[in-house]
Amino acid sequence: MSSNSFGKLLTVTTFGESHGPAIGCVIDGCPPGLALVPEDFAHDLARRATGRTRHTSQRRETDAVDILSGVYEGRTTGTPIALLIRNTDARSRDYDDLLDTFRPAHADYTYWQKYGIRDPRGGGRSSARETTMRVAAAVIAKKWLAERHGVRVRGYLAQLGETVPRLPADSAIDWDAVERNPFFWPDAAQVPELEAVMDALRKAGDSVGARVTVVAEGVPPGWGEPIYGKLDAELAAALMSINAVKGVEIGAGFAAVAQRGSQHRDEITPERFLSNHAGGILGGISSGQPVICSIALKPTSSIRIPGRSVNLRGEAIEVVTNGRHDPCVGIRATPIAEAMVALVLMDQALRHRAQCGDVGPVAPRIPGG
Ligand code: EPS
6 MSSNSFGKLL TVTTFGESHG PAIGCVIDGC PPGLALVPED FAHDLARRAT GRTRHTSQRR
66 ETDAVDILSG VYEGRTTGTP IALLIRNTDA RSRDYDDLLD TFRPAHADYT YWQKYGIRDP
126 RGGGRSSARE TTMRVAAAVI AKKWLAERHG VRVRGYLAQL GETVPRLPAD SAIDWDAVER
186 NPFFWPDAAQ VPELEAVMDA LRKAGDSVGA RVTVVAEGVP PGWGEPIYGK LDAELAAALM
246 SINAVKGVEI GAGFAAVAQR GSQHRDEITP ERFLSNHAGG ILGGISSGQP VICSIALKPT
306 SSIRIPGRSV NLRGEAIEVV TNGRHDPCVG IRATPIAEAM VALVLMDQAL RHRAQCGDVG
366 PVAPRIPGG
């Protein structure tokens, strides 16, 4: 009803507000026996965290994970796994000027209309702080997918404002290069250019949108439940639930509009598929090719450039948002998008095993590449 949980066999419930004492999640349905220790969470949480470079919000959270349940002697027990992270660097005074105002393009107004009450400190529940717990939950999903199925879920920033990577369209992603820069950008030579864009933007007090692409390799054919639990439908819903996401594409996405059938179809030879416009999903079921999704993130609404809005009394006002905001939320969105893809894939893998576990590999099986 209130939609703080998602998934069917692997369910994730998150809770907490940006400026409350803590944020947390409960992951239920994880198979027993998976090795899990608090240190497993550090890498991905650091990739998503604020305050690690000058290009993101300067709030500095430690993001230390407490495993409260579901793990015994370093292994999951099959019971609910509860994770907790304390908020240690909330600065609620930054929001004093915003207590009775609605930031244009922010959830301030719609939360107020829906609930008739809101926690305005740091955006409360609508804050991207909540995505910390998605990334934490997905550490478990990524681990299980890698160990059980050899699946790897990785993402990169595919566009920042008007800047796109200067790489040939069909070049392989250099994943080491992606991880070596704070933007998750695949073209290392272009990073100084991105830094200049971001520095100018921050100086201007404005923000910009972004595009993030996630690639899941090693997904076997068969995951996804037609008709209403299609893999692409659930990926789209999960990715769209990320703060600031305004668009989702699977494979060729909207470019498919201008393609001919003869161009779009991924022809099959006994050795391989000859292209991947489908993004690894046919009829809502994984084909064995890499699953490829992209998201469009809008520019952050909390900016220093004055904008028109109204206050709680409905009076016209001018809003300026100070505080420690991200000039581009897309910069930190790569691990979040990976997380949502991994959680959906693990849930679908468990569901496939439950219904079709006895089917086994079916010939012919085309290597996915
Ligand atoms: C956010 C606004 C900022 C960010 C926050 C997301 O919060 P605050 O004003 O409290 O510093 O720092 O991001 C995080 C804290 C995080 O961990 O992602 C927003 O409005 O979404």
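The opening position of the sequence shown corresponds to residue 6 in the working numbering, with each subsequent residue numbered one higher.
In this text, a Cβ means the ideal position worked out from N, Cα and C, and glycines have one as well.
CA-to-CA distance, residue j to residue i, given in whole angstroms
i: R139; j: R65; result: 19 Å
i: C298; j: G284; result: 7 Å
i: D113; j: G12; result: 27 Å
i: A87; j: G34; result: 12 Å
i: G129; j: D45; result: 27 Å
i: P187; j: V202; result: 14 Å
i: E230; j: P125; result: 39 Å
i: Q164; j: A110; result: 21 Å
i: A347; j: W149; result: 10 Å
i: R207; j: E222; result: 36 Å
i: S131; j: H24; result: 11 Å
i: G227; j: S291; result: 5 Å
i: D179; j: R185; result: 10 Å
i: L73; j: A133; result: 23 Å
i: G127; j: A95; result: 8 Å
i: H154; j: V70; result: 26 Å
i: R277; j: I371; result: 6 Å
Exposure of residue i, with buried meaning 16 or more beta-carbon neighbours within 10 Å
i: L104; result: exposed
i: G319; result: exposed
i: I273; result: exposed
i: I310; result: exposed
i: T19; result: buried
i: A54; result: buried
i: N9; result: exposed
i: M245; result: exposed
i: P191; result: buried
i: K147; result: buried
i: I232; result: exposed
i: G373; result: buried
i: R216; result: buried
i: T106; result: buried
i: Q294; result: buried
Close beta carbons around residue i, own chain, < 6 Å, minus the five adjacent residues each side
i: W117; result: R123
i: A241; result: V253
i: G166; result: V213
i: A261; result: H269
i: D49; result: V140, V144 and P340
Check: residue i C-beta below 6 Å from any heavy atom of ligand 1
i: A342; result: no
i: S23; result: yes
i: T55; result: yes
i: G38; result: no
i: T19; result: no
i: G328; result: yes
i: T137; result: yes
i: G129; result: no
i: S62; result: yes
i: S132; result: yes
Contact set for residue i: own chain, Cβ-Cβ below 7 Å, skip 5 residues either direction
i: G38; result: R80 and T81
i: K235; result: G229 and G289
i: Q195; result: P170 and R171
i: D237; result: I255, I286 and G289
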